[in-house]
Structures are given as structure tokens and as C-alpha cells.
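Before any comments, here is the structure.
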Amino acid sequence: MSLVEMLQPSMLRVARMYVSTAAVAEEVVQETWLGVLRGIDRFQGRSSLRTWIFRILTNIAKTRGQREGRSLPFASLAGDDLDAPAVDPDRFDTGEASSQGAWSTLPDDWTGIPEDRLLGRETLAVIGRVIDGLPPMQAEVIRLRDALGWTSEEVRNALDLTETNQRVLLHRARAKVRSALEAYLSSETT
Amino acid sequence: MGRDLTCKELVELVTGYLDGSVRGRRRRRFEAHIAACDGCTRHLLQMEATIRVTGSLTEEQMTEEQKAVLLTAFRGWSTS
């Protein structure tokens with residue numbers, strides 16, 4: 011697969027976060043590739059090529075979004091649930107001090123689940139939809155990190171996030187995917 | 050700071066543990082807790098399984114509705 015084919019879907023999604031329509035996002039992506047061709051001499055290899063391309067992309071997309079008069083507070087992209095607990099608080103003991111915060115119901119043991127079920131088409135379709143439904147920045151961080159295998163530093167640079175924000179977004183996204191997976195797997199067995 | 054991590058606290062550190070940003074004493078406390086706690090061991094394994102599931106997604110499964118857009122974008126690119 012060419013670099014263009016490989017990066018294009020993520021680039022369209024990231025551009026779309028900042029601009030008003032899919033059509034404008036396409037223009038931003040095309041402008042980015044032109045910028046990449048024009049500026050490739052200045053690429054110093056200090057970051058990965060894909061990170062560098064995404065920096066150009068986010069700059070163009072943000073400028074374009076501002077020109078469209080879209081002002082996007084961080085929370086509208088990142089979601090307003092970043093402080094939410096990773097696991098439902100009801101799963102933990104609230105009783106005496108000595109046992110407070112310990113599991114009151116143990117998590118299920120997933121080690122017995124066959125890989126072809128865990129990674130089966132149906133499971134993947136469910137999880138794909140869950141990720142689609144996440145706030146856009148959470149969705150893109152988990153796609154780049156866990157689906158496409160980018161490093162945290164690459165994602166942080168590509169999306170212009172602080173180290174902490176990158177981690178919190180990923181943590182929140184993974185927590186929701188885990189919990190959806192738990193619901194799906196337990197509904198399957200009963 | 051000297052007291053042990055609770056399970057409820059540990060689950061919030063899993064992402065940092067896996068990416069290596071939980072270091073030193075906190076990392077040792079995390080590992081000591083996991084070694085002694087079945088619930089947290091299961092939780093950590095669930096998180097690793099979750100990452101494997103997301104890691105098995107194809108670009109199509111991530112973006113059903115984007116496919117049409119992508120093709121249009123390529124058409125625009127090759128003719129411009």
C-alpha cells in the first residue's frame with residue numbers, strides 16, 4: 011500500500027475535526043500533499059515522515075477552520091468525560107477502610123475466550139462502531155495508537171497534544187472500548 | 050504516598066503503565082499489586098485483549114462511511 015493510501019483515511023478524519031464539511035476536509039488533505047511535495051526538502055528526519063505530514067495537515071486544517079469561523083474548544087473534540095473513571099465505581103468496595111477501593115465483583119477472566127471469537131468479524135464490527143461513536147479526538151488517538159501502531163510521541167506530535175492529554179485521551183478511549191467489549195462478550199455467552 | 054494502591058486507583062494507571070510513563074516506585078507498587086491481586090490481573094489482561102481487538106481493525110472497519118469520500122478525494126487529486 012502506498013503512503014498516500016495508508017495515510018489518507020486518517021488525514022481526512024483529522025482534517026474533518028477542524029473544518030465544517032467532508033468536502034473542505036478533502037481540500038485540506040490535497041493542500042497538505044501539495045505542501046508535503048513543496049516542503050519535502052525541509053524534512054529533516056527529526057520526526058517520522060508521517061508525523062511531519064500530519065503537522066502540516068493540522069496546521070492547514072486549523073487555519074481553514076478559523077477562516078470558516080469555527081471556534082473549537084478543546085472539550086468539543088476531546089470529549090467532556092476525560093475525568094470519568096475507567097471502570098464503573100460500583101465494581102469496587104465502598105465499605106470499611108481496609109477493603110475500600112478493592113474489587114467487589116471480580117472482572118471476567120477473558121483468557122479462555124478463543125482468539126477467533128475475540129478477534130472475529132462480528133466483534134470487530136461492534137468495536138469499530140464503538141470507536142466511531144467516541145468524541146473525535148479520543149477516536150483518532152485510539153485509532154492511531156492501537157489500530158495503526160503509532161507511538162505516543164508520534165500521535166502527540168501529529169495531533170499537537172501534550173503528553174498528558176495524549177495519554178488521558180487514550181486511557182478514556184480504551185476504557186470505553188473495554189467496557190463495550192465486556193458487554194458484548196457477556197451478552198454472547200448467555 | 051507510602052500506602053498501597055487500591056484496585057480502583059490501579060485501573061487508572063494502566064495506560065501509563067503500558068506506555069512506560071509510570072516509572073520507578075509507582076511502577077514497582079503497580080507490579081507488586083498486580084502480583085498479589087487476581088482482579089487487577091484480569092483487568093490488565095482485559096486491557097491487553099482490548100488493545101489486540103482494536104489492533105485487528107482494518108481501515109474499512111474503522112471508517113465504513115469514509116470510503117466514498119476517499120475515492121472522491123483520489124479522483125480530485127489525480128485530475129488536479
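Chains as they are written, first to last, in this note's numbering: chain A, 11 to 200; chain B, 50 to 129.
Ideal Cβ positions, reconstructed from N, Cα and C, are used throughout, including at glycine.
Where residue i sits in the DSSP three-state scheme
| i | result |
| --- | --- |
| Trp43/A | helix |
| Leu54/B | coil |
| Gln148/A | helix |
| Thr31/A | coil |
| Gln76/A | helix |
| Arg75/B | helix |
| Thr174/A | helix |
| Thr161/A | coil |
| Pro99/A | helix |
| Ala94/A | coil |
| Phe64/A | helix |
| Phe84/A | helix |
| Ser12/A | coil |
| Gln54/A | coil |
| Arg70/B | Here residue 70/B is Ser; the residue named in the question, Arg, does not match the sequence. Ser70/B: coil per DSSP, three-state reduction. |
| Gly89/A | coil |
| Gly49/A | helix |
| Gly143/A | coil |
Integer Cβ distance of residue i from residue j, believed to fall under 8 angstroms
| i | j | result |
| --- | --- | --- |
| Val39/A | Leu22/A | 6 angstroms |
| Arg188/A | Asp91/A | Incorrect: roughly 15 angstroms between the Cβ atoms, too far for contact. |
| Tyr28/A | Gly79/A | Contact flag wrong, Cβ pair sits at about 12 angstroms. |
| Glu192/A | Leu169/A | Contact flag wrong, Cβ pair sits at about 28 angstroms. |
| Thr42/A | Ile66/A | 5 angstroms |
| Gly138/A | Leu106/B | 6 angstroms |
| Val5/A | Thr68/A | The structure shown does not extend to residue 5/A, since chain A is modelled only from 11 to 200, so the question has no answer here. |
| Arg101/B | Leu129/A | 7 angstroms |
| Cys56/B | Ala112/A | 5 angstroms |
Whole-angstrom distance between residue j and residue i, CA atom to CA atom
| i | j | result |
| --- | --- | --- |
| His92/B | Val60/B | 8 angstroms |
| Ala94/A | Thr64/B | 14 angstroms |
| Thr133/A | Asp51/A | 44 angstroms |
| Val178/A | Gly69/B | 14 angstroms |
| Phe64/A | Thr99/B | 26 angstroms |
| Asp142/A | Thr161/A | 21 angstroms |
| Leu158/A | Gly104/B | 7 angstroms |
| Trp62/A | Glu164/A | 9 angstroms |
| Gly122/A | Gln95/B | 12 angstroms |
| Arg77/B | Ser114/A | 24 angstroms |
| Val46/A | Phe53/A | 9 angstroms |
| Ser12/A | Gly73/B | 41 angstroms |
| Ile152/A | Arg184/A | 7 angstroms |
| Asn167/A | Ala190/A | 29 angstroms |
| Glu58/B | Arg75/B | 12 angstroms |
| Phe102/A | Gln110/A | 7 angstroms |
| Ile83/B | Asp119/A | 15 angstroms |
| Ala96/A | Thr90/B | 15 angstroms |
| Gln148/A | Thr73/A | 22 angstroms |
| Leu180/A | Tyr66/B | 13 angstroms |
| Glu36/A | Leu44/A | 13 angstroms |
Exposure label - residue i; buried when at least 16 CB within 10 Å
| i | result |
| --- | --- |
| Asp130/B | The displayed coordinates of chain B run from 50 to 129. Any statement about residue 130/B would go beyond what the structure contains. |
| Thr104/A | exposed |
| Gln176/A | buried |
| Arg48/A | exposed |
| Ala88/A | buried |
| Arg131/A | exposed |
| Met111/B | buried |
| Asp100/A | exposed |
| Phe79/B | buried |
| Thr174/A | exposed |
| Met171/A | The identity of residue 171/A in the sequence shown is Leu, whereas the question assumes Met. The residue in question, Leu171/A, is buried, as its Cβ has 16 or more Cβ neighbours within 10 Å. |
| Gln18/A | buried |
| Glu106/A | exposed |
| Asp126/A | exposed |
| Pro83/A | exposed |
| Glu97/B | exposed |
| Leu54/B | buried |
| Met26/A | Residue identity differs from the one stated: residue 26/A is Arg in this sequence, not Met. By the neighbour-count rule (16 or more Cβ atoms within 10 Å), Arg26/A is buried. |
| Leu144/A | buried |
| Leu59/A | exposed |
| Glu109/B | exposed |
Residue i beta carbon near the ligand FMN (any heavy atom closer than 7 angstroms)
| i | result |
| --- | --- |
| Arg127/A | For the ligand FMN, the structure offers nothing, since it holds no ligand at all. |
Contiguous alpha helix (DSSP H) assignments of at least 4 residues, all confined to the region 103–139 of chain A: For the region 103–139 of chain A, whole alpha helix (DSSP H) runs of length 4 or above, ordered along the chain, are 125–128.
Enumerated in chain order, which unbroken segments of the alpha helix (DSSP H) with a length of 4 residues or greater are wholly contained in the region 85–109 of chain B? 87–104
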